[in-house]
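So the sequence shown is residues 47 to 486, counted in the working numbering.
Below is one structure, written out as structure tokens, with a few remarks after it.
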Amino acid sequence: MGNKVVIVGGVGGGATVAAQIRRMNQETEIILFDKGKHIAFSNCGMPYYIGGVVERDNLLKDAKDFAEKYNVNVHTNSEVIHINRAKKEITYQAGDHHYQESYDTLILSPGAHASEPDLEGLNKEVTFPLHTISEMDAIHNFIDKNKPKTCAIIGAGFVGLEMVENLQTLGIDCTIIDRSKQVMKLVDLDMAQMIQEHLQAKGVRLVLDDGIKSFANEGRTLQLSSGKSMQADMTILAVGITPNTKLASDAKLQIGDLGAIAVNEYMQTNDPAIFALGDAVETSDYMTSTTRHVALAWPAHRQAFIIASYLNENKIPYQGTLGSAIFKVFDLSVASTGHSAAALDELGIDYQEVKHEALSHAGYYPGAEKICIKVLVDKTKQTILGAQVIGENGVDKRLAVLATAIKGGLTVTDLTELELAYSPPYSSPKDPINIIGYKA
């Protein structure tokens, strides 16, 4: 590879690939540009700072420390605005000035931004997205200054559900509004109903199968598609993210069908000198080879390793994204991997469901709580196509076993053969995972 690598964007993709390249090669010149002040931060931790669970500084990675640790030339507050592919040169803006920088290899990690609907009456003084540190600070400062009593959360995905817990903890009464008939579309309706019942038990109001049409009263009155209206002191917009593709598109790099940067199995764009990773790219699905856009931390970190390895003459293809995910909402942990029933229906794949409710560990040992596991199985091959787990304890390890089973090509009946560790505080002699195999 050439000796000069330029990286556009930090956070989980850009900062990680810079560190990976340096671990593999001490000679490469690495230059990293980020338009923000912070070279890396934890998006996933932001709701918990707002809720007072974690400290702000613990979410941030200091640019100077990063630069010294990995011998990377870091430019913060520097936005790359143009790529000249013919000259292998980027143009970046720092303050009021424009500068050029050449590259042998260019890596794009521009990330994504929070989607914001264009709604009449939206008042940004009381309506907030959440995807960046500045957006997080704006929410935190608004709450600290104005002491809102009520909040409307538009969207019932990861951000919406994590925010509702943290805002309710602060004493703010929350209403979740979503156009879907259920919260969290990553899981099936029967599993989502468990989440919905838990939210309502915690005092959260749910407005489902309805959407926001417009705002009035300086953004504090929400007009819904159904014709109903409601009042809220503040609103959180959690309606998803949009990949940042303008830089790539302007450079005539291929944008895929899902609106993200198209890459091959080595994370190369249609220009072999330019790679891309993270929330801005679309990759193949692990099981079906269809295209997916999955904005999660694990894929970004794995893609960073794939790129760094390729640049150091070790070609390891990215195998595709499984989409393993977990989040916490009040007392429940919710996890999923692979495909939901709705996704399989859309793909036209014939499947069967295996579902089991059990206790997280031996019932006579204190703290045992209900756990529900649902596995979707290929009717012909009996391989596992997707899994969902919900409960208060032991959710993460069950989901991890099922994700590993998918990667290992195990059939559902193979789950009976898994010799999983047992002790009363942790499980049962036959783990709920084993029981799924027996029930199949």
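We put the CB at the ideal spot given by N, CA and C, even for glycine.
Everything numeric in this text was worked out from a predicted model, so none of it was measured.
| Assigned exposure category for N290 - 16 Cβ within 10 Å defines buried | As a working mapping, residue 290 is identified with position 244 in the sequence shown. The residue is buried, with at least 16 neighbouring Cβ atoms inside 10 Å.
| query | Does the separation of the CB atoms of A306 and A326 fall below 8 Å? | reply | On the sequence shown, residue 306 is found 260 positions in, with the first residue counted as 1. On the sequence shown, residue 326 is found 280 positions in, with the first residue counted as 1. Taking 8 Å as the Cβ cut-off, A306 and A326 qualify as a contacting pair.
| DSSP-derived helix/strand/coil call for E36 | No information on residue 36 is available, as it lies outside the stretch 47 to 486 that the chain covers here.
| Range of the contiguous alpha helix (DSSP H) that encloses H244 | Numbered from 1 along the sequence shown, position 198 holds the residue referred to as residue 244. That run of the alpha helix (DSSP H) goes 235-247.
| For L216 versus I282, is the C-beta distance shorter than 8 Å? | Sequence index remark: in the sequence shown, residue 216 carries index 170 (1-based). Sequence index remark: in the sequence shown, residue 282 carries index 236 (1-based). No, Cβ-Cβ distance for L216 and I282 is not below 8 Å.
| task | Measure from the alpha carbon of V435 to the alpha carbon of each residue in L270, S406, K425, then state which is nearest. | result | Here residue 435 is taken as the residue at index 389 of the sequence shown, counted from 1. Of the listed residues, the one whose Cα sits closest to V435 is S406.
| field | Residue of F87, A109, F112 minimising C-alpha distance to E101 | value | For the purposes of this step, residue 101 is identified with residue 55 of the sequence shown, where counting begins at 1. Among F87, A109, F112, the Cα nearest to that of E101 is on F87.
| task | Name the two residues that bound the continuous alpha helix (DSSP H) containing E181. | result | Translated into the one-based positions of the sequence shown, residue 181 becomes position 135. Start and end: 179-192.
| field | Residues of its chain near T459, where Cβ-Cβ distance is below 7 Å and the 5 sequence neighbours each way are ignored | value | To locate residue 459, count along the sequence shown from 1; it is residue 413. Excluding sequence neighbours, T459 sits near Q428, G483, A486.
| message | Rounded to the nearest angstrom, what separates E166 and E181 at their Cα positions? | response | For the purposes of this step, residue 166 is taken as residue 120 along the sequence shown, with counting starting at 1. For the purposes of this step, residue 181 is taken as residue 135 along the sequence shown, with counting starting at 1. Taking the straight line joining both Cα atoms gives about 21 Å.
| said: In this structure, how does DSSP classify A198 when only helix, strand and coil are distinguished? | reply: Here residue 198 refers to the residue found at position 152 when the sequence shown is read from its first residue. Residue state, collapsed to three classes: strand.
| request: In the DSSP assignment, find the alpha helix (DSSP H) that holds Y116 and state where it starts and stops. | output: Within the sequence shown, the letter at position 70 stands for residue 116. Residues 109-116.
| request: Since I believe D80 is in contact with G56 (beta carbons under 8 Å), could you give me their beta-carbon distance rounded to a whole number of angstroms? | output: Walking along the sequence shown from the start, residue 56 turns up at place 10. Walking along the sequence shown from the start, residue 80 turns up at place 34. With 8 Å as the limit, G56 and D80 qualify as a contact, their Cβ atoms being about 4 Å apart.
| query | Relative to the C-alpha of N360, which residue among Y312, T329, A158 is closest? | reply | Locating residue 360 in the sequence shown gives position 314, counting from the first residue. Ranking the options by Cα distance to N360, first place goes to Y312.
| said: For a test of the three-state rule: what should DSSP assign to M280, helix, strand or coil? | reply: By one-based count along the sequence shown, residue 280 stands at place 234. Correct three-state label for M280: strand.
| First and last residue of the uninterrupted alpha helix (DSSP H) at K453 | For this step, residue 453 is matched to residue 407 along the sequence shown. Note, K453: alpha helix (DSSP H), 441-453.
| task | Less than 8 Å between the CB atoms is what I'm expecting for L78 and V120, so what's the real figure, rounded? | result | On the sequence shown, position 32 is the one that residue 78 refers to. On the sequence shown, position 74 is the one that residue 120 refers to. Confirmed, Cβ separation roughly 5 Å.
| query | So what's V491 in DSSP terms, helix, strand or just coil? | reply | For residue 491 there is no data in the structure shown, the boundaries of the chain being 47 and 486.
| message | In the DSSP output, what is S370 paired with across the bridge? | response | Here the question's residue 370 lines up with position 324 in the sequence shown. None; S370 has no bridge partner.
| Which partner residues of V482 appear in the DSSP bridge assignment? | Walking along the sequence shown from the start, residue 482 turns up at place 436. Checking the displayed sequence, the identity of residue 482 turns out to be Ile instead of Val. Answer by DSSP bridge pairing: none, since I482 is not bridged.
| field | Continuous alpha helix (DSSP H) assignments of at least 4 residues falling wholly in the segment 260-336 | value | 292-296
| task | Note down, in chain order, each residue of its chain lying with its Cβ closer than 6 Å to the Cβ of H385, except the 5 sequence neighbours on either side. | result | Here residue 385 refers to the residue found at position 339 of the sequence shown. L431, G432.
| At what residue ranges does the segment 51-126 contain a whole run of the beta strand (DSSP E), taking only runs of 3 or more? | 75-79, 119-121
| message | Spatial neighbours of P363 within its chain, please: C-beta separation below 7 Å, excluding the five flanking residues on both sides. | response | Along the sequence shown, read from residue 1 onward, the residue named residue 363 stands at position 317. Cβ within range, chain order: E311, Y312.
| field | Cβ-based neighbour list, A9, same chain, cut-off 6 Å, excluding 5 preceding and 5 following | value | As shown, the chain starts at 47 and ends at 486. That puts residue 9 outside it, with no answer to give.
| query | In terms of DSSP beta bridges, what is S379 paired with? | reply | Reading the sequence shown from its first residue, position 333 is the one you call residue 379. Paired residues: K374, G437.
| request: Determine the closest residue to S335 out of G366, P318, V172, A341, with distance taken between C-alpha atoms. | output: The residue labelled residue 335 in the question sits at position 289 within the sequence shown. Cα-wise, what sits closest to S335 is G366.
| T151 Cβ short of 7 Å to the ligand NAD heavy atom set | Only the bare structure without any ligand can be found here, which leaves the ligand NAD out of the picture.
| query | Got a sec, what are the start and stop residues for the beta strand (DSSP E) R251 sits in? | reply | Here the question's residue 251 lines up with position 205 in the sequence shown. Residues 251-254.
| query | In chain order, what residues of the same chain have a beta carbon less than 7 Å from the beta carbon of P194, not counting five sequence neighbours either side? | reply | Mapped onto the sequence shown, residue 194 falls at position 148. Cβ within range, chain order: I218, D279, M280.
| Helix, strand or coil: how does DSSP classify H385 here? | Counted from its first residue, the sequence shown places residue 385 at position 339. Here H385 sits in coil by DSSP.
| task | May I ask you to verify whether the segment 330-345 touches the segment 378-396, counting CB pairs closer than 8 Å and requiring at least 3? | result | yes
| message | Does any residue of chain C have a CB that is nearer than 8 Å to the CB of S370? | response | Considering every chain present, this structure includes no chain C. It has just one protein chain.
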